[in-house]
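Novice: Note that this note's numbering has the sequence shown beginning at 1, numbered continuously upward.
Backbone N, C-alpha and C define an ideal beta-carbon position, used for all residues, glycine too.
This structure is a prediction, so every number in the text was calculated from the model and none was measured.
Quick one: structure below, then a few questions.
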Amino acid sequence: MSPPSAEDAVISVANMNKWYGSFHVLKDINLNVKRGERIVICGPSGSGKSTMIRCINRLEEHQTGTITVDGVELTANLKNIDAVRSEVGMCFQHFNLFPHLTILENCMLGQTWVRKISKSDAEERAMHFLEKVRIPDQAQKYPGMLSGGQQQRVAIARALCMMPRIMLFDEPTSALDPEMIKEVLDTMVELADEGMTMLCVTHEMGFARQVADRVIFMDKGEIVEENAPEAFFSEPQNARTQEFLSQILGH
Numbered sequence: 001m002s003p004p005s006a007e008d009a010v011i012s013v014a015n016m017n018k019w020y021g022s023f024h025v026l027k028d029i030n031l032n033v034k035r036g037e038r039i040v041i042c043g044p045s046g047s048g049k050s051t052m053i054r055c056i057n058r059l060e061e062h063q064t065g066t067i068t069v070d071g072v073e074l075t076a077n078l079k080n081i082d083a084v085r086s087e088v089g090m091c092f093q094h095f096n097l098f099p100h101l102t103i104l105e106n107c108m109l110g111q112t113w114v115r116k117i118s119k120s121d122a123e124e125r126a127m128h129f130l131e132k133v134r135i136p137d138q139a140q141k142y143p144g145m146l147s148g149g150q151q152q153r154v155a156i157a158r159a160l161c162m163m164p165r166i167m168l169f170d171e172p173t174s175a176l177d178p179e180m181i182k183e184v185l186d187t188m189v190e191l192a193d194e195g196m197t198m199l200c201v202t203h204e205m206g207f208a209r210q211v212a213d214r215v216i217f218m219d220k221g222e223i224v225e226e227n228a229p230e231a232f233f234s235e236p237q238n239a240r241t242q243e244f245l246s247q248i249l250g251h
């Protein structure tokens, strides 16, 4: 399977490097993602997976190379950063909901402050997406009254309220109890089925098999292997990928 060229890509990362002090955390990353593509990124802890996707909306700053999102290069230019962030939604490990706001208010805040949408339109859109993630009945509750799985679905709804073209997921199920993982993954599967461009850092290999167009394996700050799920799981080429899959899949 040949990855898309930079010309076809909605996200293009070219020769990107990042250091924390003297620690070289990302090494010559090259990645092109076309619109509607679903990418799953996996690898051991400390391999640079989360740092890489956080660079894609400038939550982390890269030092060399280029990152271009929807034709806009991410530099220190705040206007460019805002332009990219307005198109890129992100869901984190730990939900990041405002505890003093209701679920509905959490979903409305970015719309009214950033998108400058009227409160009535923001509320209508918020309820639409809360229905989409199947928790409209929780709208008047506060985050602390919801389960972890419900909170993560609120976080997804909140991101969708901003009408992003691209969604980044940074281990969205790793803080959840096992029985809550499925409800979040089901929501993400539905998004994928609707054609949302997605990059997801996860250890959920069943999700990768079901949803991904490509699976990327990272180790020690490098992209070691990338392939379609069937080939990635059945015929991994790199010894490090083989070792990782044998540990995580138990064979």
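Could you check what DSSP says for ALA122 in three-state terms: helix, strand or coil?
Specialist: Reduced to three states, the DSSP call for ALA122 is helix.
Novice: Thinking C-beta only, is VAL133 closer than 8 Å to ILE103?
Specialist: The answer is no: Cβ separation not under 8 Å.
Novice: Using three-state DSSP, classify GLY71 as helix, strand or coil.
Specialist: Correct three-state label for GLY71: coil.
Novice: DSSP puts LYS132 in a beta bridge; with which residues?
Specialist: DSSP lists no partner for LYS132.
Novice: Cβ-heavy atom distance between VAL13 and the ligand PLP below 7 Å?
Specialist: The ligand content of the structure shown is nil, which means the ligand PLP is not present either.
Novice: Can you check whether the CB of GLY144 is closer than 8 Å to the CB of ASP177?
Specialist: Against a cut-off of 8 Å, the Cβ pair of GLY144 and ASP177 comes out as no contact.
Novice: For THR112 and GLN152, I'd like the C-alpha separation in whole angstroms.
Specialist: Cα to Cα, THR112 sits roughly 21 Å from GLN152.
Novice: If we count Cβ pairs, one from each stretch, closer than 8 Å, do we get three or more for the segment 27 to 46 versus the segment 76 to 91?
Specialist: Contact between the segment 27 to 46 and the segment 76 to 91 is absent, because fewer than three Cβ pairs lie under 8 Å.
Novice: Looking at VAL201: is its Cβ nearer than 8 Å to the Cβ of ILE53?
Specialist: Against a cut-off of 8 Å, the Cβ pair of ILE53 and VAL201 comes out as a contact.
Novice: Check whether the Cβ atoms of PHE217 and GLU204 lie closer than 8 Å to each other.
Specialist: No, they are not a contact pair.
Novice: Return the CA-CA distance between ALA76 and SER45, expressed in angstroms with no decimal places.
Specialist: If you take the alpha carbons of ALA76 and SER45, they lie about 28 Å apart.
Novice: In three-state terms, what does DSSP make of ASN96?
Specialist: Coil, per DSSP.
Novice: In chain order, what residues of the same chain lie with their CB nearer than 8 Å to the CB of ALA192, ignoring the 5 residues before and after it?
Specialist: Result list for ALA192: ARG38, MET198, VAL211, in chain order.
Novice: Shortest alpha-carbon distance to ALA159 belongs to which of VAL189, ALA208, LEU109?
Specialist: Ranking VAL189, ALA208, LEU109 by Cα distance to ALA159 puts LEU109 first.
Novice: Assuming GLY43 contacts MET162 under a Cβ cut-off of 8 Å, what Cβ separation, rounded to an integer in Å, is found between them?
Specialist: About 29 Å; that fails the 8 Å criterion.
Novice: What residues in its chain sit with their C-beta under 7 Å from that of GLY195, if we drop five residues either side in the sequence?
Specialist: For GLY195, where only same-chain residues beyond five positions count, the Cβ hits under 7 Å are GLY36.
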